[in-house]
Amino acid sequence: MRALDYVRPSTPEEAVAAVAGDEDAMFLAGGSNLVDHLKLGVARPGRLVDVSRLPLDEVATHDTDRGTVLRVGATVRNADLAAHPVVRSRLPGLSRALLAGASGQIRQQASTAGNLLQRTRCVYFQDVTTPCNKREPGSGCSALEGYGRYNAVLGASEHCVATHPSDMAVAMAALDTSVVVLGPDGERRMPSTDLHRLPGDEPQRDTTLAHGELVTGVEIPLTDLAAVSTYRKVRDRASYAFALVSVAAAVRTAGGVVEDVRLAWGGVAHAPWRARRAEEALRCGPVDEQAVAAAVDAELAEAETSEATTYKVPMLRGATVETLLALVEGEDA
Amino acid sequence: MTDTVEQVPVPLDVRSVGTRLARVDGPEKVTGRARYAVEHRDEEGLGDPLSLWLVQSTVAKGEVEAVDASAALAHDGVLRVLDHTSAPRLEDTEDGELAVLQDARVHFRGQIVAVVVAETSEAAREGAALVEVSYRAEPHAAAFTVEGATYRPDSVNPAFETDSDDGDVDAALAGSAVVVDASYGTPYEHNNPMEPHATIARWHEGDDDGVVLRLVDSTQGVHGVASTIAPMVGLGKDQVHVTAPYVGGGFGSKGLPHANVVVAALAARETSPRPVSLAVTRQQMFALTGYRTATVSRMRLGADRDGRLTAIEHRAYAQSAAVKEFAEQTAVGTRSLYAAANRRTSHRLAVLDVAVPSWMRAPGEMPGIFAHEVAMDELAVACGVDPVELRVRNIPERDPETGKPFSDHRLVECLREGAERFGWADRPAQAGATLDGEWRVGTGMAVSTYPGYRMPGNEARVTALDGGRFEVAIGCVDIGTGARTVLTQIAADALGVDPAAVVLRVADSSLPPASVAGGSSGTASWGSAVSAAAQAFLHEHGRTPDPGASLTASAADDPLNGDHVFHSHGAVFAEVRVHRRTGEIRVPRLFGMYSVGRVMNPTTARSQLVGGLVMGLSSALHEESVRDPRFGHVVTQDLATYHVASHADVLDVDADWLEGSDEEFTPMGARGIGEIGIVGTAAAVINAAYHATGVRVRDLPVTADRFLGEG
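Quick note, the sequences are listed as chains A and B, same order.
Heads up, the first sequence is in this note's numbering, so the first residue is 1 and it goes up one at a time.
Heads up, the second sequence is in this note's numbering, so the first residue is 334 and it goes up one at a time.
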């Protein structure tokens, strides 16, 4: 067997030091993504630093200068987070997104930070016998001219057209979530939308984290808008499939026009896609079929589709229209 | 070994047959005590196997230039690496799929080019990753097109005529008031049984017979494995001892041994007497253990204005592998389904540098009847005739292919009873007429048919035990269907005893020969032999035999060469909802009404039929293996990307059957039920999707994007 070191540090600082000082080290949490990659030969670390038992499993509300936030520890299991009373009552879109992901068994195993940091999905990335720029930079992108049903339509590059598979991260992108990161030089915070990156000419990098930086938790603002959020996933079967497209949304209207709106998409890009142009287009206008479709089209102005992904444009439009119209109907109820 | 008696079985006096005897192996399975192939450790000599890991070709065509095993051999725990230069020679290399590690040729991407032997599975796997294989690659062809399907096979699976032509189809079509002319496609599909293919092999000196090759294999037929492998490795069939006590599904892919079994045997010879264990991975199954070819069916139906068929033409195109031929019998089911004076069928293949296709879940009938039954729906629309009524109008008096009468043809009853139970009469005639919230709602139906197969070469042995019990032995395999249970019931009734008095032994090649668990033929083939043996035993030894009295018999009757033809039939009804904004598809109701002769056990039968309907649903909505022709292999090679129906996709699915018995066919009155549930189901779903939306989909699977515009 291939020998590798396995260490289980007792503090986050030790964990950071263990990875930062070793180029071949990787963090291991729930393992639902990394262990697959170990078996397939996609990931071949020399050392695994197990962070799953670090004291990062708390879910609690905190009053901050940015208002009340829900602070979620990195190792909180997806199933536990989806079922948490505050998430269910104040962040329904996040709860729905979590429950739309994977299977019951995997949600019991997968962690919050691991879900954010799972690799983008592509059949060629997982198949070490085919070229893939993400796995082997410079080897070429097999998906450009190959199997493309799940390919990105926004923000892709000639080097990579993979999509980020997380549902949870799409809801977090819509909900202005901050990611708390511990590095060798201390702690920093960034919007979750700055965590994931587009492939550009470095598709091997899924995130903006430096080697050794550890996501210790996330902070989600508990706003009135977040309390009416929702998540809608369209997939090839009724459960246990990655999104063809997905929509995380929240909207508040007054006098028939939008006061505030959040919109993010999954299944369309290398990162969860916060649809800011669409939000802008919707603000101060009505929420009706035409307005939402126009907003979607504004966001998709720069979309690049192939024969395999053409469907994503009408599917996104349909799912977004349905989701926002239902939210507005729900306001009256 | 005693002589085998030939006995014409007489119809059983049924008592246990037809009752809900609980699965006799249920407790073993639900408590986890049932051992599957590579879990066997108890038997002497099998306790400490070495592990094997396969190395597969990364080119689709060419030659292996060199296999550099130095890094692998330097790895801790790796004992040896066998390739085409070092593996033992096979004595028979006729079968191109099975003749692995014999020469440098590469016939398809994913072919076995080396095998690593190691102390542990982990070491073997890492060793395989360290084997460096260099190739001299050649241009390959891996894309299936109708234009490229020009090869005419001598026959189609298993031995049907390649083409048929009765009457004058072209003239009839030219003179028909209504013509449907369209092409229908089914994708590559992989069987994906829950238990991957797996083998323990031990090559050793036996007690008296010289060399023995002992195999514990996950197979649909232990005798088939023994008789295939034995001549290849230079042994007599009796020297290859195969058992398969429990098998986690096969769906055709374990019907015959694949190259992994040959590799296990070759490696075991090298490590003798220490056994080896080889478990194929899920990803490897997409290259090594069979699949259904993609098919295209060009259908031309001619009919009068009332929908009575005047011409049926079914031209089937599929793909085979250069290294070994397999011709899916896509159009064969069409030959016997509907009456028409003018009928023509044909099969043509594209021969590609790809993995070897094989049997998968109703080969032939599934893709072929799909095409025919969607075309029939189009005909119903074109004629303005209700789809159920259209079928009723075209049911043949006799088998159109042979002119012989059917033994038991009750399709009309299936159609009428099924329509009644489903609530078909409430259906609006127009497509796209029903909207429920965001969902378009429709219903559709299709006919199902499957031939009655009864295989030759089956024998059973009955031995009296003490206490009025009987051992009944036959070397067949229960792959999870309930065969153990049903054969116990058949044996009990044939012997006139309680099922508790029957000690059934199966799944061992040292038991009397039995045919493969395939073609929905198991109960009919094995049950007839068991009936014959029991009846011959009673005739010979009476009802109170001395313990030890024993007799082996085969069933001497051959209904398939008699005056009748044998087909089961069914009618499948589906309700489909299609989301008007996203195109998502749900199937809230699926119901099949069948005529299958006598049902041996309602519990296991319902499981078979409902399981078939679920597989049909899965093929309708999900299953598709995507081959990337640039590389030559399937890139959706795991269960995250090769979708099968999940629990949430399987809603109200039910099956029922007409009470009946076909004693012309078997002494139990049974025909097979393993595959008919699959046939027609995808067509019913597609036809319902058309009724919901007005969009006619002609290629499987039907996915959400089919119902969305261009953007």
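All C-beta atoms in this analysis are idealised placements derived from N, C-alpha and C, irrespective of residue type, glycine included.
Quick caveat: nothing in here was measured; it's all calculated off a predicted structure.
With respect to 6 Å, is the separation between the Cβ of residue i and the closest non-hydrogen atom of the ligand NAD below this value?
| i | result |
| --- | --- |
| residue 254 (chain A) | No copy of the ligand NAD appears in this structure; indeed no ligand is present at all. |
Applying the 10 Å Cβ sphere with the 16-neighbour rule, what's the burial state of residue i?
| i | result |
| --- | --- |
| residue 690 (chain B) | buried |
| residue 302 (chain A) | exposed |
| residue 251 (chain A) | buried |
| residue 761 (chain B) | exposed |
| residue 6 (chain A) | exposed |
| residue 424 (chain B) | exposed |
| residue 894 (chain B) | exposed |
| residue 737 (chain B) | exposed |
| residue 519 (chain B) | buried |
| residue 639 (chain B) | exposed |
| residue 879 (chain B) | exposed |
Output yes if chain A places a C-beta closer than 7 Å to the C-beta of residue i; else output no.
| i | result |
| --- | --- |
| residue 455 (chain B) | yes |
| residue 908 (chain B) | no |
| residue 979 (chain B) | yes |
| residue 1041 (chain B) | yes |
| residue 968 (chain B) | yes |
| residue 915 (chain B) | yes |
| residue 976 (chain B) | yes |
| residue 462 (chain B) | yes |
| residue 459 (chain B) | yes |
| residue 1118 (chain B) | Here chain B comprises residues numbered 334 to 1044, so residue 1118 (chain B) is not present and cannot be evaluated. |
Please report the straight-line C-alpha distance between residue i and residue j, rounded to a whole angstrom.
| i | j | result |
| --- | --- | --- |
| residue 275 (chain A) | residue 325 (chain A) | 17 Å |
| residue 1042 (chain B) | residue 28 (chain A) | 43 Å |
| residue 551 (chain B) | residue 891 (chain B) | 30 Å |
| residue 557 (chain B) | residue 753 (chain B) | 44 Å |
| residue 988 (chain B) | residue 47 (chain A) | 54 Å |
| residue 256 (chain A) | residue 980 (chain B) | 41 Å |
| residue 264 (chain A) | residue 207 (chain A) | 18 Å |
| residue 82 (chain A) | residue 99 (chain A) | 6 Å |
| residue 268 (chain A) | residue 244 (chain A) | 8 Å |
| residue 398 (chain B) | residue 446 (chain B) | 11 Å |
| residue 846 (chain B) | residue 962 (chain B) | 42 Å |
| residue 360 (chain B) | residue 802 (chain B) | 21 Å |
| residue 19 (chain A) | residue 56 (chain A) | 17 Å |
Looking only at its chain, what residues have a beta carbon closer than 8 Å to the beta carbon of residue i, apart from the 5 residues adjacent to it on each side?
| i | result |
| --- | --- |
| residue 569 (chain B) | 563 |
| residue 543 (chain B) | 572 |
| residue 67 (chain A) | 221, 222 and 223 |
| residue 590 (chain B) | 431, 550, 552, 557, 558, 561 and 562 |
| residue 504 (chain B) | 675 |
| residue 997 (chain B) | 740, 741, 892, 895, 897 and 899 |
| residue 313 (chain A) | 153, 300, 303 and 305 |
| residue 983 (chain B) | 947 and 950 |
If you measure from the beta carbon of residue i to each beta carbon in chain B, is any gap under 7 Å?
| i | result |
| --- | --- |
| residue 104 (chain A) | no |
| residue 238 (chain A) | yes |
| residue 197 (chain A) | no |
Skipping 5 residues on each side, what residues in its chain have a beta carbon closer than 7 Å to that of residue i?
| i | result |
| --- | --- |
| residue 293 (chain A) | 317 and 321 |
| residue 725 (chain B) | 745 and 748 |
| residue 342 (chain B) | 861, 864, 865, 868, 888, 890 and 1000 |
Within a Cβ cutoff of 6 Å, which residues of the same chain sit near residue i, ignoring the five residues on either side of it in sequence?
| i | result |
| --- | --- |
| residue 470 (chain B) | 392 and 395 |
| residue 334 (chain B) | Legend: pLDDT at residue 334 (chain B) = 48, less than 50; position of this residue unreliable, value from coordinates given subsequently. Contacts found: none. |
| residue 813 (chain B) | 582 |
| residue 539 (chain B) | 545 |
| residue 531 (chain B) | 370, 371, 551 and 612 |
| residue 874 (chain B) | 882 |
| residue 165 (chain A) | 121 and 242 |
| residue 773 (chain B) | 911, 913, 1025 and 1026 |
**Study point:** Those runs of the beta strand (DSSP E) which lie wholly inside the region 944 to 982 of chain B and span at least 3 residues
**Key:** none
Review point. Curious, which full-length beta strand (DSSP E) runs of at least 3 residues does the region 31 to 89 of chain A contain?
Key: 47 to 50, 59 to 64 and 67 to 73
Practice item. List in chain order: all unbroken beta strand (DSSP E) runs of 3+ residues lying wholly within the region 718 to 767 of chain B. Key: none
Review point. What are the start and end residues of each continuous beta strand (DSSP E) run of 3 or more residues lying completely inside the region 849 to 927 of chain B, in chain order?
Key: 883 to 888 and 900 to 912
Review point. Where are the alpha helix (DSSP H) runs, 4 residues long or more, that stay fully inside the region 237 to 285 of chain A, in chain order?
Key: 276 to 282
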